[in-house]
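Residue numbers (our numbering): 1 to 284.
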């Protein structure tokens with residue numbers, strides 16, 4: 001088959017950060033407090049319910065998770081609604097055995113991508129040690145990886161087991177978050193896991209584009225979270241905003257892994273699809 005042309009390789013983007021002003025007015029601080037409290041209660045309550053439900057689900061279904069992902073979807077959708085961001089989904093999440101790859105712009109990606117499908121994120125090992133966030137990630141079935149070549153085979157075995165169990169693992173192949181206005185070249189390393197023990201003959205990869213539209217009058221990079229931005233400051237800015245923008249999630253046609261002879265061709269095809277979705281949405 002004819003392979004899609006990969007976008008030109010460019011140096012790693014490290015764009016400057018826009019200034020993040022902390023909430024100043026009484027109204028901003030009130031919005032921050034109310035939204036923060038509501039989200040905190042929602043996530044804490046959801047975590048408790050999920051853990052209790054998992055106590056029943058795990059003995060009955062083992063590695064499969066037929067119940068708890070639905071709770072995760074509801075909690076993430078409600079979180080987006082509390083923040084006040086408009087949310088739009090185009091395309092359909094696949095049901096075939098496989099994995100999902102998406103561009104990475106913000107901590108909001110976790111909510112945006114969980115709110116419309118059943119997925120399990122692949123994250124760096126450090127996240128597991130973050131207070132509260134790490135607990136949420138572990139409870140929702142996140143796969144943690146260590147950036148150590150010596151761990152590659154062990155991690156591939158974990159990926160394969162989870163995928164064969166019917167879990168749709170979600171990867172961010174860029175390896176870092178951006179300002180939301182571009183897609184970085186996809187790293188190919190993790191794609192190798194899809195070529196082990198005949199997995200490539202039975203699975204698909206679905207590329208997904210996540211696009212952020214800033215509130216009217218704000219910097220187009222408003223929701224992007226990258227470089228040295230402090231999480232708490234960026235979170236406060238978003239929660240305190242009097243006007244919100246929109247998140248758009250675009251599901252592209254799944255790709256058969258068997259149609260691509262190596263991880264490089266597969267990564268390139270996924271990158272082209274994701275990049276096209278972002279560019280098309282931002283050009284409207």
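All residues carry an ideal CB built from backbone N, CA and C; glycine is no exception.
Small disclaimer: the values here were computed from a predicted structure and weren't measured.
Item                                                                                                                        : Value
Touch test, the region 92 to 105 against the region 169 to 187, Cβ-Cβ under 8 Å, three pairs minimum                        : yes
Residue from 74, 214, 258 and 119 with nearest C-alpha to residue 167                                                       : 119
Cutoff 6 Å; reference residue 5; Cβ partners in own chain excluding five residues on either side                            : Low per-residue confidence applies at residue 5: pLDDT is 48, beneath 50, and the placement is therefore not dependable enough to give any value.
Alpha-carbon to alpha-carbon, residue 150 and residue 245                                                                   : 43 Å
Beta-carbon proximity of residue 207 to residue 96, cut-off 8 Å                                                             : no
Contact belief for residue 106 with residue 177 at Cβ below 8 Å, rounded distance in angstroms                              : 6 Å
Whole-angstrom C-beta distance between residue 128 and residue 156, which should lie under 8 Å                              : Between residue 128 and residue 156 the Cβ distance is about 19 Å, and since that is not below 8 Å, they are no contact.
Through-space distance from residue 181 to residue 199, alpha-carbon basis                                                  : 34 Å
Complete alpha helix (DSSP H) runs within the region 100 to 151 (minimum length 4 residues, chain order)                    : 108 to 114 and 133 to 139
Range of the contiguous alpha helix (DSSP H) that encloses residue 44                                                       : 26 to 61
Cβ neighbours of residue 213 in the same chain (closer than 6 Å, five flanking residues each side left out)                 : 245 and 246
Neighbourhood of residue 71 by C-beta distance below 7 Å, restricted to the same chain and skipping five residues each side : 46, 49, 50 and 53
8 Å contact criterion, which residue 186 and residue 271 should meet: CB distance rounded                                   : 4 Å
Coarse secondary structure for residue 279, derived from DSSP in three states                                               : helix
Between the CA atoms of residue 17 and residue 227 - distance to the nearest angstrom                                       : 7 Å
DSSP three-state assignment for residue 1, whether helix, strand or coil                                                    : Bear in mind that the predicted position of residue 1 carries a pLDDT of just 46, short of 50, making it unreliable; the figure below should be weighed with that in mind. Coil, per DSSP.
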